[in-house]
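The structure appears below as structure tokens.
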Amino acid sequence: MLLITDFLKWSLVILLLLFPGGPILATLIGVIIGAMGKVKKVDLFFLFFLTGFINGSLANFEGYSMLRYLILLPLIINTRSKILADKILTIPILVFFLYLIGHSLLVSPNPMYSLFNAGTAFLTIVVGFATIYSDRKEGFWSAFQTICLVVAFWSLISIPFPEFSYVRNGVGLQGIATHPNLFAVFLAPLCFYAFARLLVRPRFFDIFLFIFLFLILILSQSRTSIFAVVLSMLVYAFFAEKMITRYAKTGLIIFAPMVAILIIFAGPISNIVLDILTKGGGGAVNVIDSIEVSRGALFFAQTQNIAAQPFLGIGFKIASSLENNSFFEASSSSNSYEKGVFLLAVIEELGIIGALLFTAVLYSMLAHVFRRKVQSAVFFIPVCFLFTTFGEATLLSIGGNGSLIWATIALSNYKYKVGEV
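For the sequence shown, the working numbering gives the first residue as 26, with consecutive numbering after it.
Now the structure itself:
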């Protein structure tokens, strides 16, 4: 009954956000009830996320996008500072951000712009952790699953209206989201989770959920999300505690029919895979050419910058073209953008030294996963999200999936610390 109630609640929120004036109204309501303490922190967090996630072709939020950040005020203020300090101000994070501040002042060609983005990057982490480490546990994972289902449902409803559901590029399904890749990346972790549960305890609902979500990922033409699901399953199979020995038989039962299907329908499946790899180009477009069109120019510029400044980089959030950025126009769509591959972006901007420091931050948060100390697929959700950053470099961006990824990292860390393995 609670799931149905939550489903209806978030459906109403999404419908409100889809129409003119809706985002502003939803933001103001969120700020007011948040300040009064009448709403859960996870609800405030997902309201903030959805105001940037929902397709704005019906409800033009342009010009008011900064207003949505007001939702974060009651979320952060109402979380005890000691909790945030204990969980965020760890040695790896402190060292990384001290490096980031010094790097912005001494290396960046535009210190004010890089410092501004360093502040928003820190805010990204704070918001994610504040959502998890609140005074009472408020069901982040339950809310995430429900909202994923709501987004998938209304996106399915939108398919007959391609002028809305395919408006971005006419090829990939974006549903009610602003972009096909953002849409798919958001759903990828739940798709992975449903598949992972099949290895442990196969249930009809998980089978249905995985097939349903995976088909949506295919319709989105998002290479990033599909690869993230596949790679996450490999990591889960090899790093979950005793997974191979305990569930080898179940895995064989599940994967044997899949292999048979792949062999029998090799022709049609290869055509689908090729269509996804070429973003709808099919056999008429070479895979390499498709990637070249999508990322080629940026990749070339990034590799040149890395070769020129391998250890210190070009400056945090500095464009690969090395064009000057304006501090006062940091939120401008023509001035502030996310590079395609996070790993490449962090090496380019912060150098090998900064990349190693940031790797230490991630490892400090997720060491329990790679030491094979956990079993539940929930612990591996941030791993799936991290794989998606190989296509969308939003990990240190509060405006994209950044805070959502950090919330799952905090959730994984919290569950391990309380002994939920």
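C-beta: ideal position from N, C-alpha, C; glycine also.
Candidates the options: closest to residue i by CA position
i	options	result
S33	A168, F141, L337, G46	Before going on, a small fix: residue 33 reads as Leu here, not Ser. Closest by alpha carbon: A168.
L244	L259, P205, T104	P205
T433	F235, T414, F405	F405
W217	H393, L109, L391, V403	Looking at the sequence itself, residue 217 is Phe, so the reference to Trp does not match. Among H393, L109, L391, V403, the Cα nearest to that of F217 belongs to V403.
V6	V67, Q246, K342, L429	What the structure shows of the chain is the stretch from 26 to 446, and residue 6 is not part of that stretch, so it cannot be assessed.
I113	P99, G153, F74, M137	G153
R396	L28, E266, F410	E266
Y261	N330, F230, R222, I118	R222
M268	V446, G46, A51, N142	V446
F235	S190, I377, I182, Q170	Q170
C173	P214, S422, G424	P214
N426	I57, F74, D68, T52	F74
L387	F239, R193, N135, N438	N438
L369	N135, F78, A344	A344
T203	A219, A435, L42, G46	L42
F412	N80, I201, S250	S250
F178	L323, A110, W35	W35
V394	V38, K440, T156, P134	K440
F263	I58, V371, K398, K65	K398
M390	V192, K442, L421, G46	K442
G59	G47, L72, P48	L72
G379	L337, L40, G365	L337
L381	I101, F121, T30	F121
Three-state secondary structure (DSSP) of residue i
i	result
I113	helix
I49	helix
N360	Only weak support is given to the placement of N360: the predicted model assigns it a pLDDT of 41, under 50, and the question is left unresolved by the model.
I79	strand
F353	Any reading at F353 is ruled out, since the residue's pLDDT is 47, under 50, leaving its predicted position unreliable.
F217	helix
M61	coil
M26	Reliability fails at M26, whose pLDDT of 46 lies under 50, so the model's placement of it is uncertain and the value that follows must be treated cautiously. In this structure, M26 counts as coil in the three-state DSSP scheme.
L420	coil
L43	coil
V90	One point to set straight first is that residue 90 is Ser, not Val, in the sequence displayed. DSSP places S90 in helix when its eight states are reduced to three.
G127	helix
K34	helix
E401	The question names Glu, but residue 401 is Ser in the sequence shown. Residue state, collapsed to three classes: coil.
R396	coil
K107	helix
S389	helix
R226	coil
G55	helix
Q329	helix
K66	helix
G365	coil
V210	helix
V132	coil
V312	Any reading at V312 needs caution, since the residue's pLDDT is 48, under 50, leaving its predicted position unreliable; the model's value is listed next. Looking at V312 - three-state DSSP - the assignment turns out to be helix.
Residue range of the alpha helix (DSSP H) that includes residue i
i	result
T203	From DSSP, T203 is part of no alpha helix (DSSP H); its letter is neither H nor E.
Y138	136-157
E188	187-190
Q170	165-183
F341	No alpha helix (DSSP H) holds F341; DSSP gives it neither H nor E.
F263	248-264
S437	427-442
L198	That residue, L198, is in no alpha helix (DSSP H); it is neither H nor E in DSSP.
L100	97-102
V446	Neither: V446 is in no alpha helix (DSSP H) and is coded neither H nor E.
V408	406-413
S3	This structure leaves residue 3 out entirely; the chain is present only between 26 and 446.
Counterpart residues of residue i in DSSP-defined beta bridges
i	result
L372	Residue identity differs from the one stated: residue 372 is Ile in this sequence, not Leu. According to DSSP, I372 bridges with nothing at all.
Check: residue i C-beta below 6 Å from any heavy atom of the ligand COA
i	result
L240	Ligands in the displayed structure: none, and consequently the ligand COA is not present.
contact_flag[the segment 180-191, the segment 91-99] where n(CB pairs < 8 Å) is 3 or more:
no
Does the segment 374-392 come close enough to the segment 196-210 to have 3 or more Cβ pairs within less than 8 Å?
no
Is it true that the segment 138-150 meets the segment 121-128, where meeting means three or more beta-carbon pairs spaced less than 8 Å apart?
yes
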